[in-house]
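So the sequence shown is numbered by my numbering: it starts at 9 and just counts up by one. Backbone N, C-alpha and C define an ideal beta-carbon position, used for all residues, glycine too.
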Amino acid sequence: MERKFMKTIGRECIIEFEEKKSKFIGYAKPVDSKIEAEKFIQMIKEKHYDATHNCSAYKLTENGQEYFKVDDNGEPKGTAGKPMGDIITYMEVENLVVVATRYFGGIKLGAGGLVRAYAKTAKLAIQEAGIIDYIPKKVYLLEFSYEKVSEVEQIIYKNGDEIQEKGYNDRVLYKVTLSDSSYNELKDKKDIMIVNI
9 MERKFMKTIG RECIIEFEEK KSKFIGYAKP VDSKIEAEKF IQMIKEKHYD
59 ATHNCSAYKL TENGQEYFKV DDNGEPKGTA GKPMGDIITY MEVENLVVVA
109 TRYFGGIKLG AGGLVRAYAK TAKLAIQEAG IIDYIPKKVY LLEFSYEKVS
159 EVEQIIYKNG DEIQEKGYND RVLYKVTLSD SSYNELKDKK DIMIVNI
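This is how it looks when you write it as structure tokens:
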């Protein structure tokens, strides 16, 4: 059962600051699955393959199972991933991943300095992404006639939902991520078949 009044972040974002010549880049992204979180972390690691560290933390609920994972990525144990995870908990947000990329600037920050810098990275990234109410979404296949395209897209985009894939044959086939409000509007329409996947 979904918990009510869960908070998450509104969008993907990037922040950047310098701490004693070390450069910190913070990434935050809303996610709905463990695979999505892990893929995002991997993508940042590949993008910043030359960074000193790419530390991460994510917290999400997928199919009723809660996942909360932190990674120091080579920083001293408990100085990077854990403070980032603590910020996620403190700010009461879920279904997100935060990655902090660090380029060492030649001055050691010490354990306390690292904890503060990584916590700051997570906090700034989450603030920049914006905290919003979490609206649970599900993936569906929609099948409908060509005349319905603009009507279907209007409902989906109006509610902030997304079309993942589009297919055009005899009829139109969309793979979509929908909130309950979009689903309820679409299911009442004639000539739209909805399959929960």
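Contact set for residue i: own chain, Cβ-Cβ below 8 Å, skip 5 residues either direction
i	result
MET9	Here the model assigns MET9 a pLDDT of 38, short of 50, so the residue's position is not dependable and the matter cannot be decided.
ILE49	ASN62, SER64, TYR66, ASP79, VAL105 and VAL107
ILE140	LYS15, THR16, ILE17 and GLY18
Residue of the options minimising C-alpha distance to residue i
i	options	result
LYS67	ASP40, LYS31, GLY120 and GLY114	ASP40
TYR75	LEU117, ALA125, CYS63 and GLY93	GLY93
TYR35	GLY138, LYS15 and THR185	GLY138
LEU104	ALA127, PHE112 and TYR142	TYR142
GLY114	GLU27, ILE52, ARG124 and ASP178	GLU27
ASP199	LYS183, SER187 and ARG179	ARG179
LYS166	SER30, GLU173 and SER158	SER158
ALA45	VAL106, LYS197 and ASN204	VAL106
LYS116	THR60, LYS77, MET99 and LYS195	THR60
ALA133	VAL203, TYR98, GLU161 and ALA108	ALA108
ASP169	LYS183, LYS29 and MET99	LYS183
GLN162	GLU193, PHE112 and GLU173	GLU193
Extent of the continuous beta strand (DSSP E) to which residue i belongs
i	result
PHE152	145-152
GLU27	21-27
THR204	Residue identity differs from the one stated: residue 204 is Asn in this sequence, not Thr. Here the beta strand (DSSP E) through ASN204 covers 200-204.
TYR142	No beta strand (DSSP E) holds TYR142; DSSP gives it neither H nor E.
SER30	30-38
TYR66	61-70
Beta-carbon proximity of residue i to residue j, cut-off 9 Å
i	j	result
LYS42	GLU20	no
ILE17	PRO38	yes
THR185	LYS145	yes
ALA127	ARG110	no
ILE96	ALA65	yes
GLY86	ASP80	yes
Chain-order list of residues whose beta-carbon lies under 6 Å from that of residue i (same chain, five-residue window excluded)
i	result
GLU136	CYS21 and ILE23
ARG11	Note that ARG11 has pLDDT 46, beneath the 50 cutoff, so the model's placement of it is unreliable and no number is given.
GLY175	LEU181
PHE25	PHE32
Cβ distance (whole Å) where residue i is taken to contact residue j below 8 Å
i	j	result
GLU83	LEU122	6 Å
ILE164	SER190	6 Å
LYS15	GLU102	7 Å
ILE202	LYS195	6 Å
First through last residue of the alpha helix (DSSP H) which encompasses residue i
i	result
GLY93	89-98
LEU122	118-137
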